[in-house]
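Engineer:
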Amino acid sequence: MVVVEVEAVAFTSTGPTFPLEMTMFLLQLSKDQYLREEELSKAEVFLVRMAQLQQKIARKVFMVHFARECPVGTYKNITGSSKSLCSPCPAYELPHRAIYMHIRGGVAETPCPYKCVSDRYRMPHCFTALEELIYTFGGPWFFGLLLSGLLVLLALVLSIARMKFVGTDEFPGPAPTQHGSQIDHSFPFLESLNEVLETNRAEESHCHVHRMFFMGPNTFSEPWHLPHTPPEQITDIVYEDAFNKFVDDINALAAYQWWEGSICSILCILSYPLAWSWQQWRRRKKLQRLREFVRSEYDHSCLRSCRSRALYEGLKVAATPDLMLGYLDFYLGGDEKRPDLPTRLHQRFPMSLIFGGDGSYMAPFSLHSDSVVTSLISQVVPSSIWHRLVAGLNAQLRLVRHGNLKVTFLPMLKWLETHANPALDTYHVRVDLAWFQATALGYCQYGLVIHAVEGEAVAAELQGGSRIIFDQHSLNQNEDADSQLGHSRSNDAYMCKRITGGILNVDNLMTLKDRSDLFHPLSLILHNTKPVGHQDLVGLVISILLLADFSLVLLTSLQLYSYSMVDILLVLFVLPLGILAPFPAGINALFSHGPRRSAGLARVYALWNITSLVNVVVAFVCGLVHYKSSTKRHPSMQPWNLGGDETSWWLFPTGLVLCKLIQARLVDWHVSILEIQDRAVYSNDPTIFWQ
Numbered sequence: 021m022v023v024v025e026v027e028a029v030a031f032t033s034t035g036p037t038f039p040l041e042m043t044m045f046l047l048q049l050s051k052d053q054y055l056r057e058e059e060l061s062k063a064e065v066f067l068v069r070m071a072q073l074q075q076k077i078a079r080k081v082f083m084v085h086f087a088r089e090c091p092v093g094t095y096k097n098i099t100g101s102s103k104s105l106c107s108p109c110p111a112y113e114l115p116h117r118a119i120y121m122h123i124r125g126g127v128a129e130t131p132c133p134y135k136c137v138s139d140r141y142r143m144p145h146c147f148t149a150l151e152e153l154i155y156t157f158g159g160p161w162f163f164g165l166l167l168s169g170l171l172v173l174l175a176l177v178l179s180i181a182r183m184k185f186v187g188t189d190e191f192p193g194p195a196p197t198q199h200g201s202q203i204d205h206s207f208p209f210l211e212s213l214n215e216v217l218e219t220n221r222a223e224e225s226h227c228h229v230h231r232m233f234f235m236g237p238n239t240f241s242e243p244w245h246l247p248h249t250p251p252e253q254i255t256d257i258v259y260e261d262a263f264n265k266f267v268d269d270i271n272a273l274a275a276y277q278w279w280e281g282s283i284c285s286i287l288c289i290l291s292y293p294l295a296w297s298w299q300q301w302r303r304r305k306k307l308q309r310l311r312e313f314v315r316s317e318y319d320h321s322c323l324r325s326c327r328s329r330a331l332y333e334g335l336k337v338a339a340t341p342d343l344m345l346g347y348l349d350f351y352l353g354g355d356e357k358r359p360d361l362p363t364r365l366h367q368r369f370p371m372s373l374i375f376g377g378d379g380s381y382m383a384p385f386s387l388h389s390d391s392v393v394t395s396l397i398s399q400v401v402p403s404s405i406w407h408r409l410v411a412g413l414n415a416q417l418r419l420v421r422h423g424n425l426k427v428t429f430l431p432m433l434k435w436l437e438t439h440a441n442p443a444l445d446t447y448h449v450r451v452d453l454a455w456f457q458a459t460a461l462g463y464c465q466y467g468l469v470i471h472a473v474e475g476e477a478v479a480a481e482l483q484g485g486s487r488i489i490f491d492q493h494s495l496n497q498n499e500d501a502d503s504q505l506g507h508s509r510s511n512d513a514y515m516c517k518r519i520t521g522g523i524l525n526v527d528n529l530m531t532l533k534d535r536s537d538l539f540h541p542l543s544l545i546l547h548n549t550k551p552v553g554h555q556d557l558v559g560l561v562i563s564i565l566l567l568a569d570f571s572l573v574l575l576t577s578l579q580l581y582s583y584s585m586v587d588i589l590l591v592l593f594v595l596p597l598g599i600l601a602p603f604p605a606g607i608n609a610l611f612s613h614g615p616r617r618s619a620g621l622a623r624v625y626a627l628w629n630i631t632s633l634v635n636v637v638v639a640f641v642c643g644l645v646h647y648k649s650s651t652k653r654h655p656s657m658q659p660w661n662l663g664g665d666e667t668s669w670w671l672f673p674t675g676l677v678l679c680k681l682i683q684a685r686l687v688d689w690h691v692s693i694l695e696i697q698d699r700a701v702y703s704n705d706p707t708i709f710w711q
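Under the working numbering, the first residue of the sequence shown carries the number 21, and numbering increases by one thereafter.
1. Under the three-state reduction of DSSP, which class applies to I203: helix, strand or coil?
2. Buried or exposed, going by whether 16 or more other CB atoms sit within 10 Å of the CB of L166?
3. On the three-state DSSP scale, how would you describe K336?
4. Can you say whether H407 is buried or exposed, counting buried as having 16 or more other CB atoms within 10 angstroms of its CB?
5. Contact criterion: CB-CB distance below 9 Å. Does F672 meet it with respect to chain C?
6. For a test of the three-state rule: what should DSSP assign to D537, helix, strand or coil?
7. By the DSSP assignment, the alpha helix (DSSP H) with S282 in it spans what residues?
8. Going by beta carbon distance, what residues of the same chain come within less than 7 Å of I682, once the five residues before and after it are set aside?
9. Which one or two residues does DSSP pair with H471 in a beta bridge?
10. Can you have a look at I562 and say buried or exposed, based on whether 16 or more other CB atoms are within 10 angstroms of its CB?
11. Is L396 closer than 9 Å to L468 when the C-beta atoms are compared?
12. Straight-line CA distance for F709 to S703?
13. Kindly indicate the opening and closing residues of the alpha helix (DSSP H) around R327.
14. According to the Cβ coordinates, are F234 and H245 closer than 9 Å?
15. Taking the alpha helix (DSSP H) that R685 falls in, what are its first and last residues?
16. Report the residue ranges of all beta strand (DSSP E) runs contained in full by the segment 76-136; include only those spanning at least 3 residues, in chain order.
17. Could you spell out where the alpha helix (DSSP H) holding Y583 opens and where it closes?
18. May I ask you to list the residues that DSSP assigns as paired with F233?
19. Determine the closest residue to Y647 out of Y347, H448, Y583, with distance taken between C-alpha atoms.
20. Can you name, in chain order, every residue of its own chain whose Cβ lies under 6 Å from the Cβ of F350, other than the five neighbours on each side?
21. Using C-beta distances below 7 Å, list every residue in its chain close to F490, excluding the 5 sequence neighbours before and after it, in chain order.
22. Among F162, Y141, N271, L575, which one has its Cα closest to the Cα of R309?
23. If you follow the beta strand (DSSP E) that L444 is part of, which residue opens it and which one closes it?
24. Indicate the three-state DSSP secondary structure (helix, strand or coil) for Q492 in the structure shown.
25. With distance defined between alpha-carbon atoms, name the residue in L273, L425, G281, G100 nearest to V337.
26. Just to confirm, is the Cβ distance from A601 to S291 under 9 Å?
27. Suppose you measure from the CA of F429 to the CA of C227; what does that come to, to the nearest Å?
28. Just checking my contact of V393 with Y447 at CB under 8 Å: how many whole Å lie between their CB atoms?
29. Report all residues from its chain with a CB closer than 8 Å to the CB of S398; omit the five preceding and five following residues, and keep chain order.
30. What is the rounded straight-line gap between the Cα of Q711 and the Cα of P442?
31. Is R699 closer than 9 Å to K533 when the C-beta atoms are compared?
32. On the DSSP bridge assignment, give the partners of S386 in chain order.
33. Given that a residue counts as buried once 16 or more other Cβ atoms are within 10 Å of its Cβ, and exposed if not, what is H613?
34. Tell me the DSSP secondary structure of R142 in three-state form.
35. Give the straight-line distance between the Cα atoms of Y463 and S241, rounded to the nearest whole angstrom.
36. Between which residues of its own chain and C106 is the CB-CB distance below 6 Å, once the five residues before and five after are set aside?
Structure, rendered in structure tokens:
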């Protein structure tokens with residue numbers, strides 16, 4: 021109607037916009053038009069309405085133009101100019117992040133106009149983006165229940181998809197240790213190929229003379245290197261001068277360039293998982309380069325065998341799967357015409373087998389028993405017994421932690437005495453834990469010494485023929501060695517004699533010098549454990565926590581966005597993308613084929629998960645700074661409650677920390693389930709272990 025249009029034109033939220041005379045004129049025109057168009061009976065109702073509207077306009081115009089306006093936060097809906105007539109605006113109508121606006125002429129009615137204290141809050145409730153999301157779904161508690169149910173449902177779908185995609189590779193259940201290649205007899209060519217491979221392995225083991233281990237952990241600061249003096253076992257098959265030149269070439273190739281170590285150092289600061297991946301990639305490239313050099317580039321001039329020099333045979337470089345322990349195998353060429361070569365196993369005693377790895381979470385200690393070692397040991401101990409012993413030994417070595425060797429080596433020593441040596445006594449063989457090859461920088465390798473047990477005590481000897489004596493001075497030299505040792509040939513000769521190391525037992529284990537590094541505190545959170553079973557349940561809970569982690573990251577990002585865009589950038593790039601990387605790393609680990617590959621990717625996922633704690637700490641600090649600044653502006657705010665965005669700043673970062681700590685433990689269990697298929701290897705009863 022015309023009346024409504026006139027009223028809408030005459031009034032706004034800030035008061036009348038037309039003078040009184042103009043308004044009255046418009047109303048009079050409306051009356052005349054209405055009287056011409058409508059019946060007389062209806063005109064009476066209209067005239068009454070017009071009179072009321074004129075009175076209302078007159079009263080408001082008088083209040084605005086002839087009365088004193090009320091202060092901000094008050095309003096006046098009665099006639100008069102006294103301040104006492106101003107009433108305070110109702111407090112419940114003002115959101116806690118809003119302030120009253122100043123209106124020209126004052127406010128005449130409620131609700132009083134207001135605006136949010138910042139543009140990052142949204143009208144009408146002045147909520148942040150996170151609060152808008154939460155209250156859209158019914159508030160904090162209902163939103164939390166809804167999110168929890170959704171996470172469980174998605175985790176079930178993810179677990180079902182994972183089982184269908186991966187199949188039964190990761191769920192083999194308890195199974196005996198595999199002692200050899202399994203042949204599908206429905207394919208005869210596979211069996212014939214296996215026979216060829218087994219024949220080649222047998223020939224290799226029969227021609228094998230000695231295995232020389234590289235010194236050093238194959239890191240950028242301490243690469244692999246060989247001593248220049250040849251061991252006694254190969255002095256009859258090599259020329260010493262040519263061997264020294266060969267060692268120079270090998271050591272030069274094994275050394276890393278300065279830029280490789282520099283990149284690793286930068287990545288260690290920015291993101292440790294990337295530094296680990298970079299180091300493993302360079303290690304793999306270095307091993308390939310050494311293999312290529314020995315196989316096709318080196319002329320094998322250090323070998324006495326004419327056949328080996330002509331065919332480029334007799335030397336092979338290999339390494340353990342963790343790429344930390346390398347070794348050089350020496351083989352006969354076939355034209356030596358020495359009936360005493362190669363020597364039998366009893367003549368090689370005592371024989372040393374060095375562990376791969378360094379006892380860290382990413383590279384636990386392990387004994388790598390390849391076909392050469394297995395074939396040699398089978399001369400005395402049946403292969404089935406040896407394979408079972410290696411499986412049990414590696415299960416115990418998984419629990420040994422670098423930085424805490426004195427405590428974690430003790431159960432393994434007891435296991436050797438209760439499980440391993442009683443079974444080997446039947447074959448007159450004994451194994452002992454020992455340390456080997458202390459380098460100039462203090463790096464010490466650990467392994468087994470295998471020696472014969474006769475009717476009387478046998479003096480244990482190692483590579484150089486030196487007696488294995490636990491020498492306190494030689495053990496302490498790990499910390500006090502000259503920094504130049506290992507860089508000159510004379511010192512290399514000295515190290516070769518001291519390469520023997522010493523036997524470790526319960527009595528002298530406490531005197532072992534164990535070095536810790538910068539990342540040792542991570543071992544308090546990440547460490548290898550015994551398997552707990554229930555692999556399906558563990559996988560389901562990991563899926564739930566992985567999705568919960570990602571959800572909390574998104575909610576934390578929304579919360580930080582309401583603070584400042586700078587806070588978002590700080591959390592994302594203090595460790596670049598560290599807070600986002602665990603989710604794709606976890607999905608990659610869960611959906612990978614094969615227990616060994618899955619275990620390796622799960623360790624990387626665990627590393628990303630713990631590294632992202634730094635980003636969570638940054639988010640916590642940003643929330644604390646924002647809360648402190650908000651407290652100064654609003655002193656009445658109560659800390660540590662769930663009342664609002666400012667006061668619940670700690671909630672999501674705390675939830676992320678708890679989620680990541682629980683994930684770390686579950687991933688440890690998941691890795692142990694993948695790596696230990698037979699839980700009987702941890703049995704305290706030797707009878708059950710050897711079944």
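Where is the CB? At the ideal position from N, CA and C, for every residue including glycine.
Structural biologist: Looking at the coordinates:
1. Unreliable positioning characterises I203 in this predicted model, as indicated by a pLDDT of 38, which lies under 50. The coordinate reading is nonetheless provided below. Looking at I203 - three-state DSSP - the assignment turns out to be coil, as it is neither helix nor strand.
2. exposed
3. strand
4. buried
5. Looking for chain C here will not work: only one protein chain is present.
6. coil
7. 278-290
8. L565
9. R450
10. buried
11. no
12. 6 Å
13. 326-331
14. yes
15. 671-695
16. 118-120, 134-136
17. 555-583
18. Y347
19. Y583
20. V229, H230, I254
21. Residue confidence is low: F490 scores 36 on pLDDT, short of 50, so the model does not pin down where it sits. Its coordinate-derived value is still stated next. Answer for F490: G522, I523, N528, listed in chain order.
22. N271
23. Element bounds for L444: not the beta strand (DSSP E) but the alpha helix (DSSP H), 441-444.
24. In this predicted model, Q492 has a pLDDT of only 38, less than 50, meaning its place in the structure is not dependable; the value taken from the coordinates is given anyway. Correct three-state label for Q492: helix.
25. L273
26. yes
27. 35 Å
28. Actually they do not touch by this definition, with Cβ atoms about 16 Å apart.
29. W406
30. 15 Å
31. no
32. G376
33. exposed
34. strand
35. 11 Å
36. C90, T94, K96
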